[in-house]
DNA sequence: CATGAATGAGCTTTCATTCAT
DNA sequence: CATGAATGAAAGCTCATTCAT
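Residue numbers (UniProt numbering), protein chains in the order written: chain A, 1 to 192; chain B, 1 to 192; chain C, 1 to 192; chain D, 1 to 192.
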């Protein structure tokens, strides 16, 4: 069996778990279903992951990395911060709009006891890029003089809420709505 | 058995469930533990609630109502909107800071399949007060001309993120930090 | 509280149990449902019957007695045996056709472990009238010289099967069909 | 584990259920006891059967098939109908006399709500052989011109009653008694 | 490496029965 | 006598995990 195939199998398991959890929650995502959806035997999962907990945590780390890459794609460090931030903001919203499974999984994961199982360093590592991006802007006096952690929380929190609203389908959000949302965010955090 | 005692039992069950879920998640909150914590027999729970699902949904509705009351407490409709909004904003953060169990439960509930079990009318009824409060301000040209749903999402989303950050204990938030956060929010949503 | 009322209550409980069992089986006929259907409190049932088993057995005895009375109603001992037997045969089928609950209950009861809880004398007492009726006919050389127990079994067994067929609704049985059935039975047991 | 052994496990579960139900009724035949009697873990049962209901229905279908085979064994289509019928009649009584568990199970099953869970086609398929056997005899003017459904009901009903009487132990049935019973049945259904 | 039958602890829920009022 | 809240044993069933093949 080739490495490629192994990779496929591991990937298939992660993807199957993602789909089940995003749809039915941790509750109703048994390993047997994961196995079925991934087209492997139940026991096979345990070759790649020590336990269900570990599989779920690995899924989180994996998808966070992928997500980060997408969000920072096409970032042009030479542009003014505002442009880069706008890009980041809208990219995030669009990414999750087209990848709702990842979004639902993240939301559930981060509000579950699983989140506490991650190593601190792991969490830090995954959050670092965004943290660095915004902190630099505070120091260079582009953003309000507010603790970066707070700014990050507020920006990310409001972006997430927008994504959730959009995905819920109860409000048709146009791109001009998104533009308004961006300015609402920006006018809050920019230095006056 | 007196009515008071009866009331206590139902209440005790709800409270026990709240504490377990906020601490261990839905996953690890079996009815047997709820019963133990509430000092009732397992079967007794089913006198008051038809199923675990129903108990959890009832808990959500119950706590949402209580929370709403607290958040709007001391609201003075005669004051300017900004003052009222500031009161609402800080009150919310303080309420959940002192009632973290409710917060953690809400976050888990709203990101779980349980949320979908609630009747639409129920959700509407619980969200109405906040919705009305902010929508009026949009119409009277105090707030940006942005769809109220979007404004609500952003305000509530960022407030929630702040609460989560505060409760996480990884960042000591002073009251002046909160004041900054408030202005960050306000400057974003106010009409310029 | 008058005796009449007490009687009503006992009767209501028996009737409620009959309806539940005939419809849902012993399985799905909990005491709480019996209480609800009989408009009494659950505890009240235990004033009239020591246990669920006893209630079910009492119901059997009660309904057997009632049934026997109906079946032998209008029996004219002065008539020839064949006429009396025909009357008895058709009367039985008609009785259960109009009282299916009783029939379904009997069938379930007699094929359940409950039947074994009845005292032998009780069973004998309830079966005696039919037994006597047929045995006499054997001795007076109207019926075949076959052990009465066997004749009874065959007559009753085939009558029951007819009733079940009729109640099942899968075969519309006319009164001429019944007449044919009677002759099929009679030609089998009569002495040649 | 070999195929033979797998087969044994499924079979063992069915057999365990048969023995428990025939002895104690549906009521007192918990899955845990079935597991114990079959020497498997409780969960294993659910590998082979989706639910208790399904297991019980599968048991019925399985045993009906087996029973049919035994009853029609040594049937010689070249013989006159009367001989074949006699063979069928006595074979049935003898089969259940030596397999009382099957008999008690059938009686309980067919008078329980479980029976209604079977698909109509399944029931038809299982009853077809007997139905065909007797209907043909009606058409070829060997039997009375009575709707076959009625004849079947009466024959089967009376045979069952005989078996029940025999198994009850309260009446020692000799083979000459059986012969008498056969003629009682035959003289009833034959064309005169 | 891969399989999937087997496990059994533990889950939610039911229900006959009791007993304080 | 009547009530019905409370009990808790026991039911049916799920599912993470193991291990012989």
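Glycine residues also receive a C-beta, built at the ideal position from the N, C-alpha and C atoms.
Mind checking if residue 191(C) is an interface residue toward chain D, Cβ cutoff 8 Å exclusive? no
Checking 8 Å against the spacing of the C-beta atoms, do residue 38(C) and residue 12(C) come in under that value? yes
Return the CA-CA distance between residue 54(D) and residue 24(D), expressed in angstroms with no decimal places. 19 Å
Given this structure, state the Cα-to-Cα distance separating residue 108(C) from residue 56(A), to the nearest angstrom. Looking at the two C-alpha atoms, the distance is approximately 51 Å.
When you compare the region 172–184 of chain C with the region 20–36 of chain D, are there three or more beta-carbon pairs, one atom per stretch, that lie closer than 8 Å? no
Start-end ranges of the alpha helix (DSSP H) lying completely within the UniProt domain "HTH tetR-type" (7–67) of chain B, minimum 4 residues: Annotation: the UniProt domain "HTH tetR-type" (7–67) of chain B contains the following complete segments of the alpha helix (DSSP H) (minimum length 4 residues), in chain order: 31–38, 42–48.
Return yes when the Cβ of residue 167(C) is within less than 8 Å of the Cβ of residue 97(C), no when it is not. yes
DSSP three-state label for residue 143(D), please. strand
Starting from the beta carbon of residue 144(C), find every residue of chain D whose beta carbon is closer than 9 Å, and list them in chain order. 180, 183, 184, 187
Go ahead and label residue 192(C) buried or exposed: buried means 16 or more other beta carbons lie within 10 angstroms of its beta carbon, across all protein chains shown. exposed
Enclosing alpha helix (DSSP H) for residue 156(C) [first to last residue]: 148–168
Quick one: does residue 94(B) have its CB under 8 Å from some CB of chain A? no
Using DSSP with H/G/I as helix, E/B as strand and the rest coil, what is residue 82(C)? For residue 82(C), the secondary structure class from DSSP, reduced to helix, strand or coil, is helix.
Going along chain D in order, which residues have a C-beta closer than 8 Å to the C-beta of residue 112(C)? Residues of chain D whose Cβ lies closer than 8 Å to the Cβ of residue 112(C) are, in chain order, 25, 27, 108.
Just to confirm, is the Cβ distance from residue 71(A) to residue 92(A) under 8 Å? yes
Run the CB neighbour count on residue 125(A), radius 10 Å, all protein chains shown included, and call it buried at 16 or more, exposed below. Under a 10 Å Cβ-count criterion, residue 125(A) is classified as exposed, with fewer than 16 other Cβ atoms of the shown protein chains found around its own Cβ.
Since I believe residue 148(D) is in contact with residue 162(D) (beta carbons under 8 Å), could you give me their beta-carbon distance rounded to a whole number of angstroms? In fact, because the Cβ distance is near 21 Å, the residues do not count as touching under 8 Å.
Using Cβ-Cβ distances below 9 Å, what residues of the region 133–157 of chain C are close to chain D? 144, 145, 146, 147, 149, 150, 151, 152, 153, 154, 155, 156, 157
Tell me which residues share the same chain as residue 1(C) and place their Cβ nearer than 6 Å to its Cβ, disregarding the 5 neighbours each side in the sequence. Caution applies to residue 1(C), whose pLDDT of 41 falls short of 50 and renders its modelled position unreliable; the value that the coordinates give is listed next. Excluding residues within five positions, none has a Cβ falling inside 6 Å.
Distance, Cα to Cα, residue 121(C) vs residue 132(C)? 15 Å
Mind checking who residue 136(D) pairs with in its DSSP beta bridge? DSSP, once it has assigned bridges, lists no residue as partnering residue 136(D).
If you compare alpha carbons, which of 95(C), 94(C), 111(C) is closest to residue 100(D)? Nearest option by C-alpha distance: 111(C).
Could you tell me how far apart the beta carbons of residue 143(C) and residue 190(C) are, in whole angstroms, since I believe they sit closer than 8 Å? 6 Å
Just the chain D side, please: which residues come within less than 9 Å of residue 162(C) by C-beta, in chain order? 150, 153, 154, 157
Within 8 Å (strictly less), CB to CB, does residue 165(B) reach chain A? Taking a beta-carbon distance threshold of 8 Å, residue 165(B) counts as an interface residue toward chain A.
Could you spell out where the alpha helix (DSSP H) holding residue 101(A) opens and where it closes? 100–110
Note down, in chain order, every chain C residue with its Cβ under 7 Å from the Cβ of residue 53(D). Within chain C, no residue comes near residue 53(D); the closest Cβ sits about 10 Å away, beyond 7 Å.
Excluding five sequence neighbours on each side, which residues of the same chain lie with their C-beta closer than 7 Å to the C-beta of residue 16(C)? 34, 37, 38
Please confirm whether residue 129(A) and residue 68(A) have their CB atoms less than 8 Å apart. yes
For a contact defined as C-beta to C-beta under 9 Å, what are the partners of residue 171(D) on chain C? 147, 149, 150, 153
Could you compute how far the alpha carbon of residue 193(B) sits from the alpha carbon of residue 8(B)? For residue 193(B) there is no data in the structure shown, the boundaries of chain B being 1 and 192.
Around the C-beta of residue 74(D), are 16 or more other C-beta atoms found within 10 angstroms, so that it is buried, or is it exposed? exposed
For residue 52(B), which residues from the same chain have a beta carbon less than 8 Å from its beta carbon, with the 5 sequence-adjacent residues on both sides left out? 31
Ordered along the chain, which non-local residues of its own chain (more than five positions away) have a Cβ less than 7 Å from that of residue 158(A)? Excluding the 5 residues flanking it on each side, residue 158(A) has same chain C-beta neighbours closer than 7 Å at 185, in chain order.
Going by other Cβ atoms of all chains shown within 10 Å of its Cβ, with 16 needed for buried, is residue 50(A) buried or exposed? exposed
Option nearest residue 141(B) by Cα separation, candidates 119(B), 80(B), 106(B): Considering only 119(B), 80(B), 106(B), the residue with the shortest C-alpha distance to residue 141(B) is 80(B).
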